[in-house]
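J.:
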Amino acid sequence: MRNGVTIGQAAAFAGVTVKTVRHYHKLGLVEEPERDSSGYRRYGSADLLRLVQVRTLAGAGVPLAEIGPLIDADADVFANAIADVERQLTERIEELTARRDTLHRIADGNRALLPDRAVALLERMPSLGFTADEVAAARESLVLAKALVPEGFDDYLTHVEHALQDTRFVALSKRAAETATWAPDDPRIDELATAIADHYLANPAHLKIVTGLQARNEAATRYKLIAHHGEEQAPASAQLVALVETKLRSAGIHIPGPDSY
């Protein structure tokens, strides 16, 4: 045994730390050599081979609890076990890649929560005359819509994209955004609500922006969360939405009412 090496040398040769070697001993992955006459544990070639095998498998992602039986297994069992570890590593790589992609999207706050189509829509709004605050409000509404009514979100985006090609719709939308600074009893609110309701009724494709977000389950609750988001900060805007909804209901359009919330 005097021609063996110390634990420090063994660790260095295997590319691990002394602490790791001792951990392998504790788990029973590598047997601890007997002490020589000088009181030192000496690692021979077989010990080093076992240590390198354990370190290699551990570095490849094989759980420590599985390494012992794996080293001692026959060729077929070993091959199947390695294939299983490879499958698990592939799944882990895919998971980590997805997380990395999410981090990249977080660099752009919109892309962290919305698909590219929605981001493109938001990026288009300033060129149509919408202010930064109005774009931010639209972003919040899109995030809520995607979370609460995911099954209808793609169709909703399609309806909005088409509507933004209509100059009258854009003008009414910008006018509606201005109500955030109005008093709740401003007489212009009723006039604007009438104009918006009439536009929706005259353009059924645009009306789907309102009706398309009614989820199959808990429709009223989800619709309210989306349509009435931000009311506390803008009472006049809340009044406008309520009036538009009332006018549409009077025209026979199904929109969840206050009694169904």
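Counting in our numbering, the sequence shown runs from 4 upward without gaps.
For glycine and all other residues, C-beta sits at the position ideal for the given N, C-alpha and C.
1) Take residue 160 as the anchor and find which of 125, 49, 175 and 80 has the nearest alpha-carbon.
2) Does the distance from the C-beta atom of residue 85 to that of residue 55 stay below 9 Å?
3) Within the chosen definition, does the region 178 to 191 reach the region 201 to 210 through at least 3 CB pairs nearer than 8 Å?
4) DSSP on residue 46, reduced to helix/strand/coil?
5) So is residue 211 buried or exposed if we call it buried at 16+ other beta carbons inside 10 Å?
6) Nearest by alpha-carbon distance to residue 37: which of 47, 30 and 29 is it?
7) To test your reading of the DSSP string, which unbroken alpha helix (DSSP H) runs of 4 or more residues are found completely within the region 52 to 83?
8) Quick one: give me the first and last residue of the alpha helix (DSSP H) that residue 38 is part of.
9) Within the same chain, show all residues whose beta-carbon is closer than 6 Å to that of residue 185, passing over the 5 residues directly before and after it, in chain order.
10) Going by the C-beta, is residue 131 closer than 8 Å to any heavy atom of the ligand MN?
11) Starting from residue 213, follow the alpha helix (DSSP H) in both directions and report where the run begins and ends.
12) How would you label residue 45, buried or exposed, when you count the other beta carbons within 10 angstroms and need 16 or more for buried?
13) Quick check: what's the CA-CA separation for residue 26 versus residue 57?
14) Express the C-alpha separation of residue 31 and residue 14 in angstroms, rounding to a whole number.
15) Alpha carbon to alpha carbon, how far is residue 158 from residue 215?
16) Answer with buried or exposed for residue 18, where buried requires no fewer than 16 other C-beta atoms within 10 angstroms of its C-beta.
17) Can you list the alpha helix (DSSP H) stretches of 4 or more residues lying completely in the region 107 to 168, in chain order?
18) Measuring straight from C-alpha to C-alpha, what distance separates residue 226 and residue 247?
19) Among 60, 87 and 89, which one has its Cα closest to the Cα of residue 75?
20) To the nearest whole angstrom, what separates the beta carbons of residue 166 and residue 209, a pair I think is in contact under 8 Å?
21) Residue 96: buried (16+ other C-beta within 10 angstroms of its C-beta) or exposed?
T.: Reading it off the structure:
1) The sequence position of residue 160 within the sequence shown is 157, counting from 1. If we check each option's Cα against that of residue 160, 125 comes out closest.
2) Your numbering for residue 85 matches position 82 in the sequence shown. Your numbering for residue 55 matches position 52 in the sequence shown. No; because the gap between Cβ atoms is not below 9 Å, this pair is not in contact.
3) no
4) If you number the sequence shown from 1, residue 46 lands on position 43. In the structure shown, residue 46 sits in a strand (DSSP, three-state: E or B).
5) Within the sequence shown, numbered from 1, the residue matching residue 211 stands at position 208. Buried is the call here.
6) Here the question's residue 37 lines up with position 34 in the sequence shown. Out of 47, 30 and 29, 47 has the C-alpha closest to the C-alpha of residue 37.
7) 67 to 74
8) As a working mapping, residue 38 is identified with position 35 in the sequence shown. Residue 38 -> no alpha helix (DSSP H), and no H or E assigned at all.
9) Here residue 185 refers to the residue found at position 182 when the sequence shown is read from its first residue. So the qualifying residues of the chain are 239.
10) For the ligand MN, the structure offers nothing, since it holds no ligand at all.
11) For the purposes of this step, residue 213 is identified with residue 210 of the sequence shown, where counting begins at 1. First-last of the alpha helix (DSSP H) with residue 213: 207 to 214.
12) The count along the sequence shown starts at 1 and reaches residue 45 at position 42. That one is buried.
13) Translated into the one-based positions of the sequence shown, residue 26 becomes position 23. Translated into the one-based positions of the sequence shown, residue 57 becomes position 54. Cα to Cα, the separation comes out at about 11 Å.
14) Residue numbering aside, residue 14 sits at position 11 when the sequence shown is read from its first letter. Residue numbering aside, residue 31 sits at position 28 when the sequence shown is read from its first letter. Those two C-alpha atoms are separated by around 16 Å.
15) Numbered from 1 along the sequence shown, position 155 holds the residue referred to as residue 158. Numbered from 1 along the sequence shown, position 212 holds the residue referred to as residue 215. Near 8 Å, if we compare the C-alpha coordinates of residue 215 and residue 158.
16) Residue 18 sits at position 15 when you count from the first residue of the sequence shown. Label assigned to residue 18: exposed.
17) 112 to 116, 119 to 127, 135 to 151 and 156 to 166
18) Looking up residue 226 in the sequence shown gives position 223. Looking up residue 247 in the sequence shown gives position 244. Here the model assigns residue 226 a pLDDT of 47, short of 50, so the residue's position is not dependable, and the following value carries that caveat. Using only the alpha carbons, I get a separation of about 14 Å.
19) The count along the sequence shown starts at 1 and reaches residue 75 at position 72. It is 60 whose Cα lies nearest to the Cα of residue 75.
20) Here residue 166 refers to the residue found at position 163 when the sequence shown is read from its first residue. Here residue 209 refers to the residue found at position 206 when the sequence shown is read from its first residue. At roughly 5 Å, the Cβ-Cβ gap stays under 8 Å, so residue 166 and residue 209 are in contact.
21) Walking along the sequence shown from the start, residue 96 turns up at place 93. By the neighbour-count rule (16 or more Cβ atoms within 10 Å), residue 96 is not buried but exposed.
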